[in-house]
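Visitor:
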Amino acid sequence: MIGRRVLFPPLPNKRYSIIYADPPWDYRGQLQHAGPGSGDSGGAIRHYDTVRLQDLMELEVGSIAAEDSLLFLWATSPHLDQAIKLGKAWSFEWATVAFVWDKQRVNPGFYTMSQCELCLVFKRGRIPAPRGARNVRQLVSEPRAGHSRKPAEVRRRIEAMFPQQRKIELFARDADIPGWDTWGEEIPHPQTERRLRKQTQEAAGS
-18 MIGRRVLFPP
-8 LPNKRYSIIY
2 ADPPWDYRGQ
12 LQHAGPGSGD
22 SGGAIRHYDT
32 VRLQDLMELE
42 VGSIAAEDSL
52 LFLWATSPHL
62 DQAIKLGKAW
72 SFEWATVAFV
82 WDKQRVNPGF
92 YTMSQCELCL
102 VFKRGRIPAP
112 RGARNVRQLV
122 SEPRAGHSRK
132 PAEVRRRIEA
142 MFPQQRKIEL
152 FARDADIPGW
162 DTWGEEIPHP
172 QTERRLRKQT
182 QEAAGS
């Protein structure tokens, strides 16, 4: 379903110093093409439900952010302006680009061929202390894997910078990540499971 109204699972009743998020940006059903005669490569809507910016902004991420915390937020190039709006809506201030992911292969684009994706960083209060490594590189060169799946190396670099802080990954694809809490529709949760059962029952009765 495109740009649907979302019932998110409830957020944890905790506060985190590090919040890492990869939102399911809405492309209004647009599919990605690899060139003439090649068909499409799927596009986000073929792999998961995308979410409109307004619905993402209403998610109360600020309620789980510690007084001093950072938000690491993935943004596809067409959504950079939306990503900055979203970070601010979640009660953070824009800081800089934390990571540039070189996917080691290209996609067609309207201007230049697309090869990189950005992970932005926003700040609330001060940078969390104590700090860990301060020599972490911005550029991550890792081959692209499954659709929208981000390189684990980025998470490892965040851990190196902030080894002692409580961390959560939002819109996570994997439930069991050592040292991290995880949240999202793909993570088992009673409310999410009830919703899936209801959708299955409605589909069976249609």
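My numbering numbers the first residue of the sequence shown as -18 and each following residue consecutively. Note that CB positions come from ideal geometry on N, CA and C, so glycine has one too.
(1) Taking Cβ positions, are E167 and R154 nearer each other than 7 Å?
(2) Let me confirm a value: Y(-3) is counted as buried when at least 16 other C-beta atoms fall within 10 Å, else exposed. Which label applies?
(3) A64 to D36, Cα distance in whole Å?
(4) What is the DSSP secondary structure of S72, counted as helix, strand or coil?
(5) Within the chosen definition, does the region 69 to 87 reach the region 109 to 125 through at least 3 CB pairs nearer than 8 Å?
(6) At the level of alpha carbons, what is the spacing between I109 and I0?
(7) Where does Q85 sit, in a helix, a strand or coil, going by DSSP?
(8) Taking the beta carbon of V42 as the centre, do at least 16 other beta carbons fall within 10 Å, making it buried, or is it exposed?
(9) Hey, is K104's beta-carbon within less than 7 Å of any beta-carbon in chain C?
(10) State yes or no: is the C-beta of R130 within less than 7 Å of the C-beta of S50?
(11) Output the distance between the C-alpha atoms of T77 and E39, rounded to the nearest integer angstrom.
(12) Can you tell which of H60, S72 and I158 has the C-alpha that lies nearest to the C-alpha of F103?
(13) Could you tell me which whole beta strand (DSSP E) segments of length 3 or greater appear in the region 128 to 154?
(14) Mark E98 as exposed unless 16 or more other C-beta atoms lie within 10 angstroms of its C-beta, in which case mark it buried.
(15) With distances taken Cα to Cα, identify the nearest neighbour of C100 among G160, E48, T57 and I158.
Guide: Well, looking at it:
(1) yes
(2) buried
(3) 13 Å
(4) coil
(5) With a cut-off of 8 Å, the region 109 to 125 and the region 69 to 87 count as touching, because enough Cβ pairs lie within range.
(6) In the sequence under discussion, the amino acid at residue 109 is Pro, which differs from the Ile named in the question. P109 and I0: Cα-Cα distance of roughly 12 Å.
(7) strand
(8) Classification for V42: buried.
(9) The chain labelled as chain C is not found in the depicted structure, where only one protein chain is given.
(10) No; because the gap between Cβ atoms is not below 7 Å, this pair is not in contact.
(11) About 23 Å.
(12) S72
(13) Assignment of beta strand (DSSP E) within the region 128 to 154, counting only whole runs of 3 or more residues, yields 148 to 151 in chain order.
(14) buried
(15) T57
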